[in-house]
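Residue numbers for the sequence shown follow the numbering used here, beginning at 77 and rising by one.
The beta carbon of each residue, even a glycine, is placed where N, CA and C say it ideally should be.
None of these values were measured; they are calculated from a predicted model.
A quick write-up on the structure given underneath.
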Amino acid sequence: MSDEIEQDILEAEKSAEGVLEEKEPAPSQKKRVLGQQIEGKFHGVIEKYDDNEQLLSHQNFEKGVLHGESRRYGDSHQLKEKITFHEGVPHGPAEFYKNGSPLMHTSFHEGKQHGITTLYDEGGLVRARIQYEHGVKHGTSITYDPLGRVKKVLHYHQGLLEGPTLSYYPSGSVMESGTYVQGKRHGEFKFFYENGMVHQILIFDKGRLIQKPQFYDAQGNPTPQGIEE
77 MSDEIEQDIL EAEKSAEGVL EEKEPAPSQK KRVLGQQIEG KFHGVIEKYD DNEQLLSHQN
137 FEKGVLHGES RRYGDSHQLK EKITFHEGVP HGPAEFYKNG SPLMHTSFHE GKQHGITTLY
197 DEGGLVRARI QYEHGVKHGT SITYDPLGRV KKVLHYHQGL LEGPTLSYYP SGSVMESGTY
257 VQGKRHGEFK FFYENGMVHQ ILIFDKGRLI QKPQFYDAQG NPTPQGIEE
């Protein structure tokens, strides 16, 4: 059980849902083709325009499939996406935008997200950085608050939480620390007051709480179970 520790990561990913789906530009009245047929397959560039002669898309083809940089634009001619293709599949850097502001910067390897993905909020500020390997979360992921301060640091292995996790107060002091094994809490989890003193300690064994919670007041003195001061 990954519980609420992943909430920010999942919300950041959800905010970019749909941008990776392949879409056709809106119906256009004009197409510009620069290239030639070689052995029955198109090599060159295809551009599509709307009724106002505004560019909707610019795509490079080789041997009849997308190859190289592909760009799509919105109604106001603002860039919506820029993706690098190799033999018909995304391979290399990719950028996605909404109303002119960045939404996601990522990279692909043979059609799957691979490397660091940066997700942005509506104001164009970094919301999360997530590391992928062949389409699944693998490595370090970091989320940020609206002021750009680190909020959580998580580690993944093949899509599951694995290793140490840290959550922070806006002041930068640690709020929570613990370790995950195969997506489950394992070992000691500590929750802190903003002054750095331990507030609560929980002990887990592969997701199962195996000891009674230990509580402390803001001065570090033990308090009765279930009583928080």
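The straight-line gap separating the alpha-carbon atoms of Lys228 and Lys117 is approximately 49 Å.
Across the set Ser146, Lys106 and Gln112, the C-alpha of Lys106 shows the shortest separation from the C-alpha of Gln130. Annotation for Gln83: the continuous alpha helix (DSSP H) segment containing it runs Gln83 to Ser91. Membership of Arg148 in the beta strand (DSSP E) is indicated by the continuous run Val141 to Tyr149.
A residue is called buried when at least 16 other Cβ atoms come within 10 angstroms of its Cβ; Lys139 does not meet this threshold and is exposed.
Listed in chain order, the non-local C-beta contacts of Thr160 below 8 Å within the same chain comprise Gly144, Glu145, Ser146, Pro166, His167, Gly168, Pro169, Ala170 and Phe184, local neighbours out to five positions each way being set aside. The DSSP-derived three-state label of Glu80 is helix.
The three-state reading of DSSP puts His153 in coil, since its state is none of H, G, I, E or B. DSSP places Glu138 inside the beta strand (DSSP E), whose first and last residues are Leu131 to Glu138. According to the DSSP secondary-structure assignment, Ser217 is paired through a beta bridge with Ile206 and Leu230. Taking 8 Å as the cut-off, the beta carbon of Gly215 is found closer than this to the beta carbon of Gln207.
Inclusion of Val257 and Glu238 in the CB contact set at 8 Å is warranted, their separation being smaller than that value.
By the beta-carbon neighbour count (other beta carbons within 10 angstroms, threshold 16), Ser217 is buried. Note on Asp127: under 16 other CB atoms within 10 angstroms of its CB, so exposed under the neighbour-count rule. The beta carbon of Ala88 is closer than 8 Å to those of Leu195, Arg203, Ala204, Ile206 and Thr219 in its chain, skipping five residues each way along the sequence. Cα atoms of Leu110 and Leu86: separation of roughly 42 Å, rounded to the nearest angstrom. For His262, the closest C-alpha among the options Asn271, Val274, Ser243 and Lys282 is that of Lys282. The Cβ atoms of Asn175 and Gln154 sit closer than 8 Å to each other. Per DSSP, Tyr245 lies in no beta strand (DSSP E) and is assigned neither H nor E. Take the alpha-carbon of Gly211 and the one of Glu186: they are about 10 Å apart.
Its chain contains Thr255 as the residues whose beta carbon lies nearer than 6 Å to that of Pro240, once the 5 sequence neighbours on both sides are disregarded; these appear in chain order.
Per DSSP, Arg225 lies in no beta strand (DSSP E) and is assigned neither H nor E. Nearest in C-alpha terms to Phe267, of all of Glu123, Val226 and Tyr292, is Tyr292.
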